[in-house]
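Asker: Sequential numbering of the sequence shown, starting at 1041, is according to the numbering used here.
A virtual CB, placed ideally from N, CA and C, is assigned to each residue, including glycine.
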Amino acid sequence: MLGNWTKTFVLMAAITALFVAVGGAFGGQSGMLMALLLAGGMNFYAYWFSDQAVLKMYGAVEINAENNYGNNQFRNYFNMVKELAEHAQLPMPRVFVINESQPNAFATGRNPENAAVAATTGIMQILSERELRGVMAHELAHVKNRDTLISTMSATVAGAISAIAQFGMLFGGGSRDGENRPNPMLGILMIVMAPLAASLIQMAISRSREYEADRMGADISRDPKALASALEKIHNYAHQIPNLTAEQHPETGQMMIINPLSGADFSGLFSTHPKTEERVRRLLLLANQY
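1. How many whole angstroms separate the CB atoms of Ile1281 and Ser1141, which I take to be in contact at a CB cut-off of 8 Å?
2. Buried or exposed for Arg1216, going by 16 or more other Cβ atoms inside 10 Å?
3. For the segment 1077 to 1113, which segments carrying the beta strand (DSSP E) assignment without a break, of at least 3 residues, lie completely within its bounds, in sequence order?
4. Are at least three pairs of beta-carbons, each pair with one atom in the segment 1166 to 1176 and one in the segment 1259 to 1272, less than 8 Å apart?
5. Where do the ends of the beta strand (DSSP E) carrying Ile1138 lie?
6. Can you tell me whether DSSP reads Ala1155 as helix, strand or coil?
7. Quick one: what's got a C-beta closer than 6 Å to Pro1152's C-beta in the same chain, skipping five residues either side?
8. Cβ of Pro1264 within 8 Å of Cβ of Leu1180?
9. Verify whether the separation of the beta carbon atoms of Ala1158 and Ala1100 is less than 8 Å.
10. Roughly how many whole angstroms lie between the Cα atoms of Met1120 and Met1074?
11. Who are the Cβ neighbours of His1313 in its own chain at under 6 Å, not counting the five residues just before and after it?
12. Could you give the distance in angstroms between the alpha-carbon of Glu1291 and the alpha-carbon of Tyr1087?
13. For Thr1148, which residues does DSSP report across the bridge?
14. Would you mind reading off the limits of the alpha helix (DSSP H) that contains Tyr1277?
15. Just mark Glu1102 as buried or exposed, buried being the case when its beta carbon has 16 or more other beta carbons within 10 Å.
16. When you compare only the Cα positions, how much space is there between Met1097 and Asp1091?
17. Since I believe Arg1134 is in contact with Ala1156 (beta carbons under 8 Å), could you give me their beta-carbon distance rounded to a whole number of angstroms?
18. Under 6 Å Cβ to Cβ from Lys1315, same chain only, skipping five residues before and after it: list those, please.
19. Could you give the first and the last residue of the continuous alpha helix (DSSP H) run that contains Arg1170?
20. Check for me: the alpha helix (DSSP H) holding Ala1286 runs from which residue to which?
21. On the three-state DSSP scale, how would you describe His1127?
22. How many Å lie between Asn1116 and Ser1261 at the Cα?
23. So, helix, strand or coil for Ile1281, using DSSP?
24. What's the C-alpha gap between Val1137 and Thr1160?
25. Mark Thr1046 as exposed unless 16 or more other C-beta atoms lie within 10 angstroms of its C-beta, in which case mark it buried.
Pasting the structure below:
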């Protein structure tokens, strides 16, 4: 618990520093002050409302025991989440469906009492019920570890970093010769470097979270092989089927169980997710314990 709250504090402190740096580059001391105030407001918004913003962004539709649109797949999906949440000793999260062909899923919410899980229609069509159960156990592991606060806040604020950098460019750069004049080179540098720095913070945190969610998800479902099989399928299909919303908002990619971005087969520092092969290998080793 302490480790995750520490990560959250470090993340938001770093993001705030980026806001201030962008403001200072474009507006000097007054720009820094304005950026600091804006960062405070953005952090407040991200903590309380970022989960709602992400769900709305993806057009997620909430379902429950009664309102499942007469769809057996949705009904089974909801009941599956309910059973897994009880096994994990978690409050029942809100359950959402995203009308998206690419198979993927994510969890969001500031704490287990205000959590939500979302799965695409594509993942329900491609995975078996057993494999989908493994995926949702993984997402509930994120909820139990309170990773959802970290990932959702970072996705919201990292997206804002890019917008603020571009906004600042419209109103001029740092001061020269005692006057506030636009500095095109500095503006271009900040537009490139600030979002990149925000992304690197996200990536470093995201990779370690995925390994732990795989391990805990396997424990919740008691079926590591099912999650391993699901990861392989999602990985293969996700690289063939584009997710337009994720492409337009790449900062949200680290929330998904598999990176949804086309051409996202990165490694090392620039990867938001561990290599699928390594995740599968670790899960198959865990299978010997069940």
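Answerer: The short version:
1. As a working mapping, residue 1281 is identified with position 241 in the sequence shown. As a working mapping, residue 1141 is identified with position 101 in the sequence shown. With 8 Å as the limit, Ile1281 and Ser1141 qualify as a contact, their Cβ atoms being about 5 Å apart.
2. For the purposes of this step, residue 1216 is identified with residue 176 of the sequence shown, where counting begins at 1. Confidence is the limiting factor: at Arg1216 the pLDDT is only 45, short of 50, which leaves the residue's position unreliable, though a coordinate-based value still follows. With fewer than 16 other Cβ atoms within 10 Å, it is exposed.
3. 1101 to 1103
4. yes
5. Mapped onto the sequence shown, residue 1138 falls at position 98. Segment 1134 to 1138, the beta strand (DSSP E) holding Ile1138.
6. Against the sequence shown, residue 1155 aligns to sequence position 115. Looking at Ala1155 - three-state DSSP - the assignment turns out to be coil, as it is neither helix nor strand.
7. Position 112 of the sequence shown, counting from 1, holds the residue named residue 1152. Around Pro1152: Leu1130, Pro1131, Val1183.
8. Position 224 of the sequence shown, counting from 1, holds the residue named residue 1264. Position 140 of the sequence shown, counting from 1, holds the residue named residue 1180. Not in contact: Pro1264 and Leu1180 (Cβ atoms no closer than 8 Å).
9. For the purposes of this step, residue 1158 is taken as residue 118 along the sequence shown, with counting starting at 1. For the purposes of this step, residue 1100 is taken as residue 60 along the sequence shown, with counting starting at 1. For Ala1158 and Ala1100, yes; Cβs fall inside 8 Å.
10. Walking along the sequence shown from the start, residue 1120 turns up at place 80. Walking along the sequence shown from the start, residue 1074 turns up at place 34. Cα to Cα, the separation comes out at about 47 Å.
11. As a first step, residue 1313 must be located in the sequence shown, where it is residue number 273. Closer than 6 Å at the Cβ level, and outside the excluded window around His1313, lie Glu1250, Asn1299.
12. For the purposes of this step, residue 1291 is identified with residue 251 of the sequence shown, where counting begins at 1. For the purposes of this step, residue 1087 is identified with residue 47 of the sequence shown, where counting begins at 1. Looking at the two C-alpha atoms, the distance is approximately 16 Å.
13. To locate residue 1148, count along the sequence shown from 1; it is residue 108. Answer is Ala1156.
14. Position 237 of the sequence shown, counted from the start, is the residue given in the question as residue 1277. Unbroken alpha helix (DSSP H) run through Tyr1277: 1264 to 1278.
15. As a position in the sequence shown, residue 1102 is number 62, starting the count at 1. Answer is exposed; the Cβ neighbour count stays below 16.
16. For the purposes of this step, residue 1097 is identified with residue 57 of the sequence shown, where counting begins at 1. For the purposes of this step, residue 1091 is identified with residue 51 of the sequence shown, where counting begins at 1. Approximately 10 Å, taken between the alpha carbons.
17. Sequence index remark: in the sequence shown, residue 1156 carries index 116 (1-based). Sequence index remark: in the sequence shown, residue 1134 carries index 94 (1-based). About 4 Å separates the two Cβ atoms, so the contact holds.
18. Counting from one through the sequence shown, the residue named residue 1315 turns up at place 275. Nothing meets the Cβ criterion.
19. As a first step, residue 1170 is located in the sequence shown; it is residue number 130 there, counting from the start. Run containing Arg1170: 1169 to 1184, per the alpha helix (DSSP H) assignment.
20. On the sequence shown, position 246 is the one that residue 1286 refers to. Where Ala1286 is concerned, the enclosing alpha helix (DSSP H) stretches over 1284 to 1288.
21. Within the sequence shown, numbered from 1, the residue matching residue 1127 stands at position 87. If DSSP states are grouped into helix, strand and coil, His1127 belongs with the helices.
22. The sequence position of residue 1116 within the sequence shown is 76, counting from 1. The sequence position of residue 1261 within the sequence shown is 221, counting from 1. Approximately 16 Å, taken between the alpha carbons.
23. Position 241 of the sequence shown, counted from the first residue, corresponds to residue 1281. Of the three classes helix, strand and coil, the one that applies to Ile1281 here is coil, per DSSP.
24. Position 97 of the sequence shown, counted from the first residue, corresponds to residue 1137. Position 120 of the sequence shown, counted from the first residue, corresponds to residue 1160. Looking at the two C-alpha atoms, the distance is approximately 6 Å.
25. Locating residue 1046 in the sequence shown gives position 6, where the first residue counts as 1. Result: exposed.
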